[in-house]
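Letter 81 of the sequence shown, counting from 1, is numbered 81 in the UniProt record's numbering, and no numbers are missing.
C-beta: ideal position from N, C-alpha, C; glycine also.
Encoded as structure tokens, the structure appears first; notes follow it.
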Amino acid sequence: MEENIECGGFTFFNNFDSANLAKVEAVEINKTDNGKGENNKTYKSSSSIELPIYEFNIWTKHDCHGTEYQNNNKTWFHFGIKAAAQGVYVKLNLVNLNKQVKMFSQGMCPVFKVIPGHPQWERIREKPTFTADDKNNEFILSFNYRTSENPNAITYFAFTYPFSYTDLQNHLKKIDAKMTKQNVNLADDIYYHRENAINSLEGRRLDILTISSYYNILTEREAKLKDLFPDENEERPFKFQDKKIIFISARVHPGETPSSFVLNGFLNLLLNREDQIAIALRRLYVFKLIPMLNPDGVAQGYYRMDTRGVNLNRLYLNPSKTDHPTIFAAKTLLRYYHNSYSLADDHVPEITNIHNISNFDTTSSIDTISNETNKLLQRVTLMSLEEKNKVIEQGSRVRNCLVQASEKSILKSQGYIENQPKSIESVENVPCKRLCSASSIKQSPRSSSEDSGIFLYIDFHGHASKKGIFMYGNHFDDPEDSSACMLLPKLMSINNPNFHFTSCNFAEKNMYLVDKRDGMSREGSGRVAVYKLTGLVHSYTLECNYNTGRLVNTVPARVKEGLHKIRGQLFVPPKYNPAIFEEVGAALGPSILDMTGNNPNSRLPNSQYRSLKGLKSYLKLISTNHYQTSLNKPLHKVNLSDTENDVIDVNDVANAEIRQCILC
């Protein structure tokens with residue numbers, strides 16, 4: 001770690017995990033330049049504050065600062081200050097940040113905490129000011145704070161709510177301690193396993209968590225894959241029969257800390273022994289969670305890169321074990337689970353023609369060393385949860401209404417008026433004290449990627465410019481696949497007030513866009529590469545704005561709550577904080593179950609769509625209308641500096657008459 005910096009009687013702390021501070025310079029108050037050149041734009045706070053007694057200019061380090069890999073990423077900052085005087089105003093100027101005019105003009109504020117005295121992170125209480133120098137491409141962020149009355153107190157500041165590598169390790173140790181007692185005789189007790197998949201370039205752990213229930217657990221453990229799992233004393237987790245994998249990762253970009261809080265929220269849900277949603281999730285799926293894909297970048301206080309100046313979320317197509325070990329490990333595991341616990345060697349074929357998925361034989365790579373029992377593992381056959389009569393009853397209203405809205409010909413041509421569901425099979429009835437009936441959880445309908453051992457892939461991120469919390473999905477020429485891809489994001493907007501479905505992006509150009517900053521294509525991102533490897537329709541990037549959103553959804557009541565339980569509606573988007581991000585992660589659980597009709601306490605029946613069938617019909621209509629209108633419209637111009645504006649606006653492509661019909 002870097003040495004602390006002494007300046008003007010103050011001590012600036014820089015010797016801790018995720019700190020980022022390069023240089024400090026005291027400013028004489030009477031010589032402060034308040035005049036700005038013609039190329040400068042100064043943005044001032046509307047609040048009046050007393051004049052500062054001390055002022056400092058602060059420089060942050062670039063990603064890979066002082067090495068041959070140094071680059072221009074300078075957004076993240078994190079440091080502590082021990083003051084020379086108590087109870088006085090101090091002005092801090094961060095003078096070399098990347099331009100973030102859009103975010104800070106929308107009210108973004110840094111965060112602070114005081115140790116001892118105020119240990120919880122919160123946003124600074126007075127709006128910062130900033131100066132954007134267009135000519136020199138500089139951005140100066142300024143804010144004031146009052147020093148603590150305790151002379152020994154240290155005030156910490158950060159770009160946004162931090163979650164360091166040390167924080168992660170401490171968090172996982174607490175979970176390990178809670179999970180020491182597991183009841184193998186109880187089918188729905190939590191199965192939890194933590195292991196180190198590989199060491200990073202600087203020797204840090206790439207933790208991977210396996211979470212499920214003991215239902216359908218096998219006695220055979222997963223294989224020790226070549227070049228992975230360096231800790232010989234760590235055992236691999238057990239395999240499961242007829243359970244697909246849900247693979248989730250976070251923090252490939254180290255400064256995007258909202259992703260860690262979203263993952264923590266989802267993790268907290270999965271480890272809840274009493275929650276019905278969690279019980280159903282663990283019974284149906286095996287969860288593989290990688291909480292921190294770029295532990296070196298996090299520990300070093302970088303914003304976007306690894307220690308060799310590489311954007312790791314562009315390397316999933318061909319990661320190097322030597323140069324990109326964490327991405328190499330993630331992709332190796334994804335291939336292993338895609339092939340249903342097969343030992344995939346270096347020559348396992350990948351899907352390059354994503355339109356011919358059905359011709360890819362996943363069974364050809366099954367490991368010949370596996371015992372006879374493991375060879376007979378059946379792939380998960382997903383079935384619908386909705387009972388036949390319930391589907392017909394709840395779906396008929398939406399379908400009839402759609403037909404009456406002069407869209408009958410479109411619905412028939414695109415297959416929206418579906419046949420009645422086939423008979424429903426039940427999951428094996430295993431006695432369970434925590435679940436009312438094992439047969440009440442069924443499996444989902446077959447999808448185009450049914451041969452994969454993976455059901456869902458999501459990579460969590462933070463976002464600096466576009467407001468809200470939303471997802472990127474992949475593009476599909478087939479409206480059936482397109483609507484299937486939209487299903488999870490739409491369900492998230494039903495289960496969480498701060499998720500923006502209308503901000504989600506399913507455009508083809510968003511899969512192959514070349515970033516202006518590093519010249520690398522999004523084709524190498526986890527979302528696109530996993531789709532190419534597996535043919536998985538449900539492969540996503542989840543993005544969280546650091547600051548706030550554009551809207552707040554009305555969240556319908558759960559079926560077991562009743563309509564009278566609906567909470568008061570908030571109309572003003574809140575300032576995002578770790579609790580809100582964790583709520584997004586928790587909302588992912590019921591949304592996953594809603595995808596296949598397995599949610600024991602769903603909000604869908606109280607939504608405007610009334611049922612899963614009604615929601616799917618709505619999404620199919622959106623997909624159909626989009627592809628029809630796109631034939632007659634030119635492609636939008638791509639802005640490489642703000643590519644997130646390239647969005648399929650689902651509210652525009654569905655005509656008003658049909659939307660009103662669905663709402664009736």
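In summary, alanine 19 is buried, with 16 or more beta-carbon neighbours lying within 10 Å of its beta-carbon over all protein chains present. Rounded to whole angstroms, glutamine 70 and valine 310 show a C-alpha spacing of 10 Å.
Residue state for glutamine 169 is assigned as helix, using DSSP reduced to three classes. Beta-bridge partners assigned by DSSP to methionine 471: Leu542. In the DSSP assignment, aspartate 207 falls within the unbroken beta strand (DSSP E) covering 205 to 213. Fully enclosed alpha helix (DSSP H) runs of no fewer than 4 residues occupy 258 to 270, 276 to 284, 295 to 300 of the segment 244 to 313, in order along the chain.
Look at the beta carbons and you see the segment 181 to 194 not touching the segment 251 to 263: under three pairs across the two are nearer than 8 Å. Scanning its chain for C-beta atoms nearer than 7 Å, with the 5 sequence neighbours on each side dropped, one finds around lysine 331 the residues Tyr316, Pro319, in chain order. When the beta-carbon positions are compared, glycine 526 and asparagine 339 stay at least 8 Å from each other. Here the alpha carbon of phenylalanine 499 sits roughly 26 Å from the alpha carbon of arginine 125.
For the set Thr75, Glu28, Gly9, Ser591, the Cα lying nearest the Cα of alanine 22 is the one of Thr75. Across the set Asn15, Phe13, Asp17, Gly9, the C-alpha of Gly9 shows the shortest separation from the C-alpha of alanine 26.
Look at leucine 201 here: in three-state DSSP terms it is coil, with no helix or strand label. The three-state reading of DSSP puts asparagine 93 in strand, counting E and B together. Distances from the alpha-carbon of tyrosine 214 to those of Gln182, Asn196, Asp207, Arg204 put Gln182 closest. Residue state for proline 600 is assigned as coil, using DSSP reduced to three classes.
Distance between methionine 179 and lysine 61, taken at the CA atoms: about 39 Å. Rounded to the nearest whole angstrom, the CA to CA distance from asparagine 233 to proline 573 is 48 Å. Taking a cut-off of 8 Å on C-beta distances, the segment 112 to 127 does not touch the segment 165 to 176, as fewer than three cross pairs fall below it. Inter-residue distance for glycine 117 and isoleucine 140 is about 29 Å (C-alpha atoms, whole angstroms).
In the three-state DSSP reduction, histidine 500 falls in the coil class, being neither helix nor strand.
The beta-bridge partner set that DSSP reports for threonine 155 consists of Ile81, Val114. Excluding residues up to 5 positions away in sequence, Phe266 lie with their Cβ nearer than 6 Å to the Cβ of leucine 588 in the same chain.
Taking a 10 Å sphere around the C-beta of lysine 135, we find fewer than 16 other C-beta atoms and assign the residue as exposed. Its Cα nearest to that of isoleucine 115, the residue Tyr156 stands out among Gly453, Tyr156, Val24.
Exposure of asparagine 30 is indicated by the presence of fewer than 16 other C-beta atoms within 10 angstroms of its C-beta. Leaving aside the five residues that flank serine 200 on each side, the residues in its chain whose CB is nearer than 7 Å to its CB run, in chain order, Leu206, Pro295, Asp296, Pro325, Thr326.
Contact check for lysine 99 against asparagine 72 fails: the beta carbons are separated by 8 Å or more.
For lysine 331, the uninterrupted alpha helix (DSSP H) run begins and ends at 325 to 338, by DSSP. Per the C-alpha coordinates, the member of Asn577, Ile248, Lys239 positioned closest to proline 291 is Ile248. Within the model, the alpha-carbon separation for glycine 519 versus leucine 513 is close to 9 Å.
Counting along the chain, the unbroken alpha helix (DSSP H) around phenylalanine 581 starts and ends at 578 to 595. Between leucine 92 and isoleucine 58 the beta-carbon gap is near 6 Å, inside 8 Å, which marks them as a contact. In the displayed model, alanine 484 falls within a helix according to three-state DSSP. The Cβ neighbour count for phenylalanine 571, taken over all protein chains shown within 10 Å, is under 16; the residue is labelled exposed. Counting every other CB atom within 10 Å of its CB across the protein chains shown gives proline 151 a total below 16, marking it as exposed.
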